[in-house]
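Protein chains in written order, with this note's numbering: chain A, 11 to 407; chain B, 11 to 407.
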């Protein structure tokens, strides 16, 4: 068949190949320690399950509005108002079949072909793919490693801005790095957004996945709420990755456009799952809190071992469920300078499976440090300790 | 905010405004007879409900492959192989969050900007919207009313083909007209597709909604399977409109591209609903058959009254759940020559709510006959009889 030209610009999540290799290795009878998955091996809270099943029994199985049921738009607006220091109403919320759809629809609604879009790299690979697929110019920015952790490369962002720059994608509580920007970085970034009249996608997929303190949304900065679309998802907080429910939250003008895109793309989100998610938002939060407690124990176990490896630096993030150790020295010492060689050697020697820098956007030719990503969301603490001890021994051998 | 230029080309389903007006009229204390909805007021079969709930309990709540779980791809391929006279395998099936997503993704995968796409008008309004939104040229074709019913305007299609024509959208078992093409029309259409090297979207949303005989798929025609993507949906057959599950079925080459679009747009379909749908496909079909029996009784009741109205012609379709009466004479007699005037007058005088020609694509200036659409999927037989008797009296007054 004659495939359309635009498909040549469409990227993917290359991390799926890592999953496939791990599964193949396990199928040969090997133990695999799955650190490659950004999925949760925990059940969805019973509030959500029970609420969904009740809604099916109540006949919530037909079409619902393209923007979602009014009750959850209202509840989500109230929830975000309470946590973000900005007043949102139901008209600022349009439901989506997952968190990811907001990325493509934000770009469809606000980017013209040829517009330049700033996006994090390393970052979620779909930013780069969707920008280019839809005819934009993907302009990467990065984070700089210092002795205390990573800082946003604000100077790099400013230097990249041209008269064609229109949009900025900001994924605070970042995948894959686990980085969170302090207040000062938010202020400096907001100043750039105002100065250059940009619009922002704030990918808040991990907003509620944190172990101490409180998350500060970028929309708290002056004038940012009117320039920002928030990517909200139920996937992580409620262990609902496979349920597919999220929302785009922002100014009514763009939310209305995104709702019209919903009409064209998939009609409406699932009906009864919205009632389940509503019950999850408004019901008892003990299962949600228990999940965070478990993740914190896993984080500590993983970070302790990784940071003890000779030649590895690994910071302790207060949010997300990712670790981003610097393995430059280990790769050099083992003579494995290709990321895929390193990953496969570790998998075959230890069963430890992880993603690396190359799964999170195209690396820049001048990158010198090497990083890999460990997700601790899909693996229990005992397995973390067993697997990472094997990995440590292998690294240090 | 600066909304992207492409949004000016995005259409919508204007029928939603009809629902809103009917709801407002009902909220004033009036009885509304809802014939405007293409939704089903019947419960989803217990096979699907139980299968989904079991899958939740079994932990099928995490991510699943972007193309869907292997089991349902396999089962759907077997199902379509059995009913379509063409051999499909799992690799020819990619799951979707509903039937509608296949429309946009088919065009994304196979249409370049400037390509001309033949589409039915009157027809599902999203064809026109998605073709134009994605930069194609929407070229309408129609059906011609004769004494025995409607026939496909093959001469009109042939006359519309230029050297830029690339794609054809064919919605046999048609919404809104309830028309089904006989074997001869399939043959002539397939000959045009071969001659002009076109690719086809076969929208089979109503494939299983039939009251006698068996549906003949367009892919049964020689060479058509390798040129056609089938839009499959669970929405109608299993009363699952609000669950959002469907599939794109076709040559592996384009199915792989559509799966890659899935990765970018929404990651994957809902996980546990696929197990529910699988149970629906493979389990006891008595609830599905009972639904068809009920719809047939409704169809007969509605057609009997509508075709008895002085000045109305209404054919009896063997498929879909739509009727498409010709009301040219009634509109003229009542001096209501504007579709919306006619619709609102009927609603306010009788409570009968329906869509009309203008909700199914842009009318051509040379159309002389006037049609309205009655859906009998969301209204019980007693209400059909009460409402349409009032409508008959109003038409004949």
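C-beta atoms are modelled at their ideal positions from N, C-alpha and C, and glycine is treated no differently. Keep in mind it's a predicted model, so treat the numbers as computed, not measured.
Asked                                                                                                                                                                                      : Found
Spell out whether any CB of chain A is found under 7 Å from the CB atom of residue 136 of chain B.                                                                                         : yes
What three-state label does DSSP hand residue 360 of chain A in the structure shown?                                                                                                       : helix
What residues in the region 54-72 of chain B have a beta carbon less than 7 Å from any beta carbon of chain A?                                                                             : 54, 59, 63, 66, 69, 70, 71, 72
Can you give the Cα-Cα distance for residue 14 of chain B and residue 122 of chain A, rounded to whole angstroms?                                                                          : 5 Å
Compute the Euclidean distance between the alpha carbons of residue 113 of chain B and residue 150 of chain B, then round it to the nearest angstrom.                                      : 16 Å
Using only alpha-carbon positions, find the residue among B:44, B:16, B:21 that is nearest to residue 392 of chain B.                                                                      : B:44
So residue 242 of chain B and residue 259 of chain B are in contact, right, with Cβ under 8 Å, and what is the actual spacing, rounded?                                                    : 5 Å
Go ahead and pull the three-state DSSP assignment for residue 109 of chain A.                                                                                                              : coil
Looking at chain B, which residues of the region 75-106 of chain A have a Cβ within less than 9 Å of any of its Cβ atoms?                                                                  : 75, 76, 106
According to a CB-to-CB cut-off of less than 7 Å, which residues of the region 215-239 of chain A neighbour chain B?                                                                       : none
Closest by CA to residue 183 of chain A, which one among A:208, A:115, A:164, A:220?                                                                                                       : A:220
So for residue 278 of chain A, helix, strand or coil by DSSP?                                                                                                                              : coil
Can you check whether the CB of residue 382 of chain B is closer than 7 Å to the CB of residue 308 of chain B?                                                                             : no
Excluding the 5 residues preceding and the 5 following residue 196 of chain A in the sequence, name in chain order all residues of the same chain whose CB lies nearer than 7 Å to its CB. : 226, 228, 231
Going by Cα to Cα distance, which pick from B:350, B:385, B:342, B:255 is closest to residue 104 of chain B?                                                                               : B:255
Skipping 5 residues on each side, what residues in its chain have a beta carbon closer than 7 Å to that of residue 283 of chain A?                                                         : 62, 253, 255
If you run the structure through DSSP and keep just helix, strand and coil, what is residue 148 of chain B?                                                                                : strand
Assign residue 109 of chain A to buried or exposed, taking buried as 16 or more other Cβ atoms, counted over all protein chains shown, within 10 Å of its Cβ.                              : buried
Could you check whether residue 214 of chain A and residue 135 of chain A sit closer than 7 Å to each other, using their CB atoms as the reference points?                                 : no
Under 8 Å Cβ-Cβ, which residues of chain B neighbour residue 22 of chain A?                                                                                                                : 270, 273, 274
Which residues of the region 377-400 of chain A have a Cβ closer than 7 Å to any Cβ of chain B? Give them in chain order.                                                                  : none
Look at the alpha carbon of residue 83 of chain B and the alpha carbon of residue 101 of chain B, and state the distance between them as a whole number of angstroms.                      : 8 Å
Using beta carbons (cut-off 7 Å, strictly below), is residue 49 of chain A in contact with chain B?                                                                                        : yes
Taking C-alpha atoms, which residue in A:18, A:39, A:48 lies nearest to residue 28 of chain A?                                                                                             : A:48
How do the region 183-192 of chain A and the region 321-331 of chain A stand: do at least 3 beta-carbon pairs fall below 8 Å, yes or no?                                                   : yes
Under 7 Å Cβ-Cβ, which residues of chain A neighbour residue 267 of chain B?                                                                                                               : 13, 17
Any beta-carbon of chain A closer than 7 Å to the one on residue 114 of chain B?                                                                                                           : yes
Only counting runs of 3 or more residues, tell me where the beta strand (DSSP E) segments fall wholly within the region 176-217 of chain B, in order along the chain.                      : 209-213
Could you give the DSSP three-state label for residue 323 of chain B: helix, strand or coil?                                                                                               : strand
Secondary structure at residue 155 of chain B, three-state DSSP: helix, strand or coil?                                                                                                    : strand
Does DSSP put residue 104 of chain B in a helix, a strand or coil?                                                                                                                         : strand
Less than 6 Å between C-beta atoms, sequence neighbours within five positions excluded: which residues of the same chain meet that for residue 323 of chain A?                             : 336
Within 6 Å: the Cβ of residue 381 of chain A and any heavy atom of the ligand GDP?                                                                                                         : As for the ligand GDP, it is missing from this structure, which has no ligand bound.
Less than 8 Å between C-beta atoms, sequence neighbours within five positions excluded: which residues of the same chain meet that for residue 348 of chain B?                             : none
Closer than 7 Å by beta-carbon distance: list the chain A residues that pair up with residue 119 of chain B, in chain order.                                                               : 13, 14, 17
What three-state label does DSSP hand residue 80 of chain B in the structure shown?                                                                                                        : helix
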